[in-house]
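In the numbering used here, the protein residues as written are 939 to 1077.
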């Protein structure tokens, strides 16, 4: 059995110029042979797929940007203290007011209007304030 020796940089550069691959056994493998040229229809199809992927990436970036902006606005507009008042809308908790539910992420009190009932990855129920819910969606 032949012992494998790592080729030096000069050998690798030469192999790259010749298009023979990085292994001494490359010439025995048919998978490293140069592919035939793509016809015009195939090239156009690839371009359409690439343009569609670029469009989807751009749309996703815009969506994330809108979510971040919405999250920042929600944080700026918080008016409650998160203990005796809803942290988001400022509604008072008590006998005549709504009852507090604590966000599982930030641990602040929120009313039922400003919270989201959801589940985590382990399928366990979670109660999150809208800020923490949006923050999770942004990622």
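The beta carbon of each residue, even a glycine, is placed where N, CA and C say it ideally should be.
**Message:** I'd like to confirm the pairing. Which residues does DSSP put opposite residue 1055 in its beta bridges?
**Reply:** Position 117 of the chain shown, counted from the first residue, corresponds to residue 1055. BP columns for residue 1055 point to 1065.
**Message:** For a minimum of 3 consecutive residues, which ranges assigned as the beta strand (DSSP E) are wholly contained in the stretch 1012 to 1055?
**Reply:** none
**Prompt:** Cβ atoms of residue 1018 and residue 1024: under 7 Å apart, would you say?
**Reply:** As a working note, residue 1024 is residue 86 in the chain shown. As a working note, residue 1018 is residue 80 in the chain shown. Yes. Within cutoff.
**Request:** Taking all protein chains shown into account, decide if residue 1063 is buried (16 or more other Cβ within 10 angstroms of its Cβ) or exposed.
**Result:** Position 125 of the chain shown holds residue 1063. Classification for residue 1063: exposed.
**Prompt:** If we call anything under 7 Å between Cβ atoms a contact, is residue 1016 one with residue 1041?
**Reply:** Translated into positions along the chain shown, residue 1016 becomes position 78. Translated into positions along the chain shown, residue 1041 becomes position 103. Cβ atoms of residue 1016 and residue 1041: not closer than 7 Å.
**Request:** Since I believe residue 1072 is in contact with residue 1012 (beta carbons under 8 Å), could you give me their beta-carbon distance rounded to a whole number of angstroms?
**Result:** Residue numbering aside, residue 1012 sits at position 74 when the chain shown is read from its first letter. Residue numbering aside, residue 1072 sits at position 134 when the chain shown is read from its first letter. Residue 1012 to residue 1072, Cβ: 7 Å. Contact.
**Message:** Mapping the DSSP letters down to three states, classify residue 1060 as helix, strand or coil.
**Reply:** The count along the chain shown starts at 1 and reaches residue 1060 at position 122. Coil at residue 1060, not helix or strand.
**Item:** Own chain residues within Cβ distance below 7 Å of residue 1076, not counting five before or after
**Value:** Your numbering for residue 1076 matches position 138 in the chain shown. Hits under 7 Å: 1002, 1005, 1006, 1009.
**Prompt:** Helix or strand or just coil, what does DSSP make of residue 955?
**Reply:** Locating residue 955 in the chain shown gives position 17, where the first residue counts as 1. Helix.
**Asked** In its own chain, which residues sit with a C-beta less than 7 Å from the C-beta of residue 1036, not counting the 5 before and 5 after it?
**Response** Residue mapping note: residue 1036 aligns to position 98 of the chain shown, counting from 1. Same-chain partners within the cutoff: 1029, 1049, 1050.
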